[in-house]
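Student: Can you keep this structure in mind? I'll have questions shortly.
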Amino acid sequence: MQIIEILFRLLVYPGLIFAFLIGSMLYWLYRKVRARFQARRGPPWYQVFADIIKLLSKETIIPNEGKFFFLLAPVLAIIGCLAPIILLPIGSPYATVSFTGDLIVILIFLILSNLALIIAGINSRSPYKTIGAFGEASLMIAYELPLVLSALTAGIYAGNLSAANIVQTQLSKRAFVLHYPLATIAFTLCMLPKMGKRPFDIPEAEHEVITGPLAGYSGALLALFEITSAIKWFVIPGLAVILFFGGSTNIIEFLGKCIGITLILTLIDIHYPRFRIDQSFKFFVKIALPIAIVDFVRVLLGW
Amino acid sequence: MPLKVATWARKKSPWIMHVPCGGCNGCDIEIVAALTPYYDLERFGVLQKGSPRHADILLVTGPVTTQIQESLKRIYDLTPNPKMIVAIGNCAITGEIFAEGYTFAGPLDRIIPVDAYVPGCPPKPEAILDGIVKLLQKNSEKGI
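Encoded structure:
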């Protein structure tokens, strides 16, 4: 019985289907808000679905060389986005599966979906894909440390590195954004490269490296990457809600908070041009990392 | 029924790639103008892509020169099916003033199959949009 329940939670609610529906609406919200800020009409609400159905209906070209890693990368990307969902307490203070230290598992799975981009990129002789992969690799070195430190700040304050426990602590006291605003800022900044958004979208820049590691993909495999990016719009803002913005007791509140974070990310995305790779690296090492460390030291000292 | 969904999705999400083939740059500028916020192609689901693997529609401009001929064939083969080719401007259709030049290898429909022609020297952005919309309507009536 429990296996059926876990499969239901993984594939239907709040897993694949639910996360994809909500994520594609948040992705559409991002595109629409960006269009309105540029004085455009913007795409209709079904745009993400139309894109994905079209890609699924097209021919999928697979090269003869490096076939294994070419097929592995999109699968890894979608697993890395989907697996954390059963560990996240979405819409209630309890997760489907919860154990001490599941926050670390969530962060590792999220790294997997970025690692998939590197695998897709270096497994090719195309210079665009290789440059995109190296951009992703160097960005990951810069942003993973502040991301993990600020996530650990929330975990250490709650006394237990478990996402469900973090939400319960926040519900009984206050949201961590009020205790640790600097860690929240560092986490929010690290979400941008995690989702491949401006100003840190160097690996997937459309105008410089023609979507980088994704340049060689077509048809159904590209659709898998599109589904991944739609799910990322749900999972990563959802993780921020759980870690810093107080979690939630019902799903409506959770989605409302997700929409708020999506709007913050969209405004940052609209307002800034793309940074160079060295500028991004310096930004994370000189600004995001120190403010994450300040709150990490504060939580260790118990202030 | 699944085919109907696919036809609908292809009509609603045409991703274009711009392939300049040795023209005078006039048509290229008009294509760029059609992509600006004033015309806002994204409301029809159009996105400009840099890789032929992502593209559904190739917008080809210019008389095809001997140098770019092979690359154009290669780009055509790299594009996944179903694909549509639109010839933009008089040069791509007939060769216009370049037709008697020694580098002329075209016109375009002698090298790759063409689905729609947009005449003009250069065609207005409205004309380019009209050509793409008519092509999409024709294809969705045929059920491609």
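Protein chains in written order, with my numbering: chain R, 494 to 796; chain C, 14 to 157.
Beta carbons are placed, not taken as given, at the ideal position from N, Cα and C, and that holds for glycine.
In this text the structure is predicted, and so the values were computed from the model without any measurement.
1) Please confirm whether residue 536 of chain R has its beta-carbon closer than 7 Å to some beta-carbon of chain C.
2) Is residue 562 of chain R helix, strand or coil when you go by DSSP?
3) Mind checking the region 45 to 76 of chain C against chain R and listing, in chain order, the residues whose C-beta falls within less than 7 Å of any C-beta there?
4) If you draw a straight line from the C-alpha of residue 783 of chain R to the C-alpha of residue 96 of chain C, how long is it?
5) So residue 138 of chain C contacts chain R; which residues on that side make the cut at Cβ distance below 8 Å?
6) Against residue 13 of chain C, what residues of chain R qualify as contacts under a CB-to-CB distance less than 9 Å, listed in chain order?
7) In chain R, which residues lie less than 9 Å from residue 126 of chain C when you measure between Cβ atoms?
8) Starting from residue 650 of chain R, trace the alpha helix (DSSP H) both ways and give me its first and last residue.
9) State the Cα-Cα distance for the pair residue 645 of chain R and residue 23 of chain C, rounded to the nearest angstrom.
10) Any idea what DSSP makes of residue 693 of chain R, helix, strand or coil?
11) Could you give the distance in angstroms between the alpha-carbon of residue 631 of chain R and the alpha-carbon of residue 510 of chain R?
12) Indicate the three-state DSSP secondary structure (helix, strand or coil) for residue 14 of chain C in the structure shown.
13) Report the rounded CA-to-CA distance for residue 734 of chain R versus residue 750 of chain R, giving the unit in angstroms.
14) Assuming residue 559 of chain R contacts residue 663 of chain R under a Cβ cut-off of 8 Å, what Cβ separation, rounded to an integer in Å, is found between them?
15) Quick one: measure Cβ to Cβ for residue 591 of chain R and residue 655 of chain R, integer angstroms, because I've assumed they're closer than 8 Å.
16) Within 10 angstroms of its Cβ, does residue 557 of chain R collect 16 or more other Cβ (buried), or is it exposed?
17) At a CB distance below 9 Å, what residues from the region 569 to 597 of chain R approach chain C? Give them in sequence order.
18) Please identify the residue among C/122, C/69 and C/56 whose C-alpha is closest to the C-alpha of residue 86 of chain C.
19) Using DSSP's beta-bridge definition, name the partner residues of residue 29 of chain C.
20) Which chain R residues are close to residue 118 of chain C, counting only those with a beta carbon under 8 Å from its beta carbon?
21) Using alpha carbons as the reference points, say which of C/56, C/152 and C/34 lies closest to residue 117 of chain C.
22) Around the Cβ of residue 521 of chain R, are there at least 16 other Cβ atoms within 10 angstroms (buried) or fewer (exposed)?
23) For the alpha helix (DSSP H) holding residue 100 of chain C, just list the boundary residues, first then last.
24) Between which residues of its own chain and residue 695 of chain R is the CB-CB distance below 6 Å, once the five residues before and five after are set aside?
25) Run through the DSSP bridge pairs and tell me what residue 129 of chain C is partnered with.
26) If the cut is a Cβ gap below 7 Å, which residues of chain C does residue 710 of chain R touch?
27) Are any of the Cβ atoms in chain R nearer than 7 Å to that of residue 94 of chain C?
28) Between residue 31 of chain C and residue 633 of chain R, what straight-line distance do the alpha-carbon atoms span, to the nearest angstrom?
29) Measure from the alpha carbon of residue 29 of chain C to the alpha carbon of each residue in C/20, C/58, C/119 and C/76, then state which is nearest.
30) From the DSSP output, in three-state form, read off residue 78 of chain C for me.
31) If we ignore side chains and look at the alpha-carbon of each, how far apart do residue 762 of chain R and residue 684 of chain R end up?
32) Alpha carbon to alpha carbon, how far is residue 618 of chain R from residue 709 of chain R? Give it in angstroms, no decimals.
33) Can you confirm whether the region 562 to 570 of chain R touches the region 528 to 544 of chain R when touching is taken to mean that 3 or more C-beta pairs between the two stretches lie within less than 8 Å?
34) Measure from the C-beta of residue 99 of chain C to each C-beta in chain R and report whether the shortest distance is under 7 Å.
35) In the region 23 to 41 of chain C, which residues sit with their C-beta less than 9 Å from some C-beta in chain R, listed in chain order?
36) Please state if the CB of residue 18 of chain C and the CB of residue 546 of chain R are separated by a distance shorter than 7 Å.
Tutor: Let's see:
1) Residue 536 of chain R belongs to the set of residues whose beta carbon lies under 7 Å from a beta carbon in chain C.
2) Helix, per DSSP.
3) Identification of residues in the region 45 to 76 of chain C having a C-beta nearer than 7 Å to some C-beta of chain R yields 50, 53, 55, 56, 58, 63, 64, 66 and 67, given in sequence order.
4) Distance between the alpha carbons of residue 783 of chain R and residue 96 of chain C: 51 Å.
5) Residues of chain R passing the Cβ test: none, with the nearest at roughly 15 Å.
6) Outside the shown range of chain C, which is 14 to 157, sits residue 13 of chain C, and nothing can be said about it.
7) For residue 126 of chain C, there are no C-beta contacts with chain R under 9 Å, since the nearest C-beta of that chain is about 16 Å from it.
8) Run containing residue 650 of chain R: 620 to 651, per the alpha helix (DSSP H) assignment.
9) If I take the Cα positions, the gap works out to 45 Å.
10) Correct three-state label for residue 693 of chain R: coil.
11) The alpha-carbon of residue 631 of chain R is positioned some 33 Å away from that of residue 510 of chain R.
12) Interpretation of residue 14 of chain C is limited by its pLDDT of 49, a score under 50 that renders its predicted location unreliable; the figure taken from the coordinates is listed afterwards. If DSSP states are grouped into helix, strand and coil, residue 14 of chain C belongs with coil.
13) Distance from the CA of residue 734 of chain R to the CA of residue 750 of chain R, rounded to the nearest whole angstrom, comes to 7 Å.
14) That belief does not hold up - the Cβ atoms of residue 559 of chain R and residue 663 of chain R are roughly 46 Å apart, past 8 Å.
15) About 6 Å; that satisfies the 8 Å criterion.
16) Flag for residue 557 of chain R reads exposed.
17) Close to chain C, meaning a Cβ-Cβ distance shorter than 9 Å, is no residue of the region 569 to 597 of chain R at all.
18) Cα-wise, what sits closest to residue 86 of chain C is C/122.
19) Within the DSSP bridge table, the entry for residue 29 of chain C names C/61 and C/70 as partners.
20) Near residue 118 of chain C there are no residues of chain R at all, since even the closest Cβ is about 26 Å away, more than 8 Å.
21) The shortest Cα separation from residue 117 of chain C among C/56, C/152 and C/34 belongs to C/34.
22) Buried is the label assigned to residue 521 of chain R, since at least 16 other Cβ atoms lie within 10 Å of its Cβ.
23) For residue 100 of chain C, no alpha helix (DSSP H) segment is defined; the enclosing uninterrupted segment is the beta strand (DSSP E) at 97 to 101.
24) 628 and 770, listed in sequence order.
25) According to DSSP, residue 129 of chain C bridges with C/99.
26) Within chain C, the residues whose beta carbon sits less than 7 Å from that of residue 710 of chain R are 66, listed in sequence order.
27) So yes, residue 94 of chain C belongs to the interface.
28) Those two C-alpha atoms are separated by around 32 Å.
29) With distances taken between Cα atoms, residue 29 of chain C lies closest to C/58.
30) If DSSP states are grouped into helix, strand and coil, residue 78 of chain C belongs with the strands.
31) Cα atoms of residue 762 of chain R and residue 684 of chain R: separation of roughly 11 Å, rounded to the nearest angstrom.
32) Straight-line Cα distance between these residues: approximately 10 Å.
33) No, the region 528 to 544 of chain R does not touch the region 562 to 570 of chain R.
34) Chain R contact via Cβ: absent.
35) Taken in chain order, the members of the region 23 to 41 of chain C whose beta-carbon sits within less than 9 Å of a beta-carbon on chain R are 23, 24, 25, 26, 27 and 28.
36) Yes, they are a contact pair.
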